[in-house]
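Undergrad:
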Amino acid sequence: MAIPLTRVGGGGTYGDAMEPPRPQRWLDPERDKLRIAFNHRPDRDTEEEYDRLRGLARAEAERRNDCFARSRQAYENGDGALAKDLSNRGKEHAAAMAEYNRRARDYIFRANNAPGLVADDTIDLHGLFVEEAKDILEERIKYAQANGQMHLHVIVGKGNHSVDRVQKLKPRVEQVCRDLGLQYSTEENEGRIYVNLQGGEAVPPPDVDPYDPYHGHGGHHHHHHQQQQQEEVDSIGGLISRCVGKLADYCVIM
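For the working numbering, add 1175 to where a residue sits in the sequence shown, where the first one is 1.
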């Protein structure tokens, strides 16, 4: 079952996440770097929740690594029982890390792609690990093709905030397109890729604002497309929540 937008990230052991963001302008130089994970200016609570989840995941990764390192040392010292115990504890921390990352992944995907924030022919991958972005994009393409969509704008960022200012998401997105036999091209905005979902040449339309949720649609179609976009986000959210993939230990934010 898809996770409602008002329950982003789910509940269970870790409790409820925040509601979708209410865009508002706020200035805080110390936290400015965190806004790059979002395609809009979120409220402070939303920003802090995303950062909290990624931080908890990193902490669990450190505990996992420490347990595995001590497990190897115990094994080399001939203490098999301790080695096994530490290995099991390391696996528990690994599972917790994956859960926190899953929640952060679902949270930011839904926050950045909620109806009313981006157009229905656009997907924003900001704030995702490279492999998270790959899994989500593949499902999004399948969904779009099954529903007769002709093209897709993929927002990947320009790499301004990544290590050495090198884009990480863009090469992975391009590889996904090649693997699926789809033609693509970088748009005028270098942080966005245009993908032809029908197998033809990738010729982007005249430059449009991907954050205008209704570009290309008349006013009387707004409600219909917002409802369609909500269903799309929920459908993809349900699919990616069932994906079991290898998650990186540290967040790649473009």
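For glycine and all other residues, C-beta sits at the position ideal for the given N, C-alpha and C.
All of these numbers come straight from a predicted model, not from anything done at the bench.
Have a look at P1198 and D1295 and give me their C-alpha separation to the nearest angstrom.
TA: Taking the sequence shown and counting its residues from 1, one reaches residue 1198 at position 23. Taking the sequence shown and counting its residues from 1, one reaches residue 1295 at position 120. With a pLDDT of 35 at P1198, under the threshold of 50, the modelled position of that residue is not reliable, and the figure given next carries that caveat. When rounded, the distance between both Cα atoms is 19 Å.
Undergrad: Which first and last residues belong to the beta strand (DSSP E) in which D1299 is found?
TA: Counting from 1 along the sequence shown, the entry for residue 1299 is found at position 124. Counting along the chain, the beta strand (DSSP E) containing D1299 begins and ends at 1297-1299.
Undergrad: Considering only residues of the same chain and omitting the five flanking positions on each side of L1312, which have a CB-CB separation below 8 Å?
TA: For this step, residue 1312 is matched to residue 137 along the sequence shown. Taken in chain order, the residues that qualify are I1298, L1300, V1329, V1348, V1351.
Undergrad: May I ask which residues mark the beginning and end of the beta strand (DSSP E) holding V1370?
TA: Here the question's residue 1370 lines up with position 195 in the sequence shown. It spans 1367-1371 - the beta strand (DSSP E) in which V1370 sits, taken as one unbroken run.
Undergrad: Distance, Cα to Cα, E1376 vs A1321?
TA: Indexing the sequence shown from 1 puts residue 1376 at position 201. Indexing the sequence shown from 1 puts residue 1321 at position 146. Distance between the alpha carbons of E1376 and A1321: 19 Å.
Undergrad: Span of the beta strand (DSSP E) holding L1327?
TA: Residue 1327 sits at position 152 when you count from the first residue of the sequence shown. 1326-1330 is the span of the beta strand (DSSP E), which, as asked, contains L1327.
Undergrad: Pick out whichever of G1356, R1238, L1344, Q1373 has its Cα sitting closest to the Cα of G1366.
TA: The sequence position of residue 1366 within the sequence shown is 191, counting from 1. For the residues G1356, R1238, L1344, Q1373, the minimum Cα distance to G1366 belongs to L1344.
Undergrad: Would DSSP call P1346 helix, strand or coil?
TA: Indexing the sequence shown from 1 puts residue 1346 at position 171. Helix at P1346.
Undergrad: Cβ atoms of L1355 and M1325: under 9 Å apart, would you say?
TA: For the purposes of this step, residue 1325 is identified with residue 150 of the sequence shown, where counting begins at 1. For the purposes of this step, residue 1355 is identified with residue 180 of the sequence shown, where counting begins at 1. No; because the gap between Cβ atoms is not below 9 Å, this pair is not in contact.
Undergrad: What's the gap between the Cα of Y1275 and the Cα of S1262?
TA: Translated into positions along the sequence shown, residue 1275 becomes position 100. Translated into positions along the sequence shown, residue 1262 becomes position 87. Going by the C-alpha atoms only, they are around 20 Å apart.
Undergrad: Compare the beta carbon distance of R1245 and A1279 with 9 Å and say whether it is the shorter of the two.
TA: In the sequence shown, residue 1245 corresponds to position 70, counting from 1. In the sequence shown, residue 1279 corresponds to position 104, counting from 1. In this structure, A1279 does not lie closer than 9 Å to R1245 by Cβ.
Undergrad: Between P1379 and the rest of its own chain, which residues show a CB-CB distance below 7 Å, the 5 nearest in sequence each way excluded?
TA: One-based indexing of the sequence shown puts residue 1379 at position 204. These residues qualify, in order along the chain: S1360, E1362, Y1369.
Undergrad: Measure the alpha-carbon distance for A1308 versus C1242 and round it to whole angstroms.
TA: Here residue 1308 refers to the residue found at position 133 of the sequence shown. Here residue 1242 refers to the residue found at position 67 of the sequence shown. In a straight line, the C-alpha of A1308 is about 29 Å away from that of C1242.
Undergrad: DSSP puts S1432 in a beta bridge; with which residues?
TA: Beyond the ends of the chain as shown, which are 1176 and 1429, falls residue 1432; an answer cannot be given.
Undergrad: By alpha-carbon positions, which one of G1323, V1305, E1314, Y1318 ends up nearest to V1331?
TA: The residue labelled residue 1331 in the question sits at position 156 within the sequence shown. The shortest Cα separation from V1331 among G1323, V1305, E1314, Y1318 belongs to V1305.
Undergrad: Please classify A1319 as buried or exposed, where buried requires at least 16 other C-beta atoms within 10 Å of its C-beta.
TA: Taking the sequence shown and counting its residues from 1, one reaches residue 1319 at position 144. So A1319 ends up on the buried side.
Undergrad: Quick one: using the 10 Å Cβ neighbour count with 16 as the cut-off for buried, is A1256 buried or exposed?
TA: Numbered from its first residue, the sequence shown carries residue 1256 at position 81. Exposed, since its Cβ has fewer than 16 Cβ neighbours within 10 Å.
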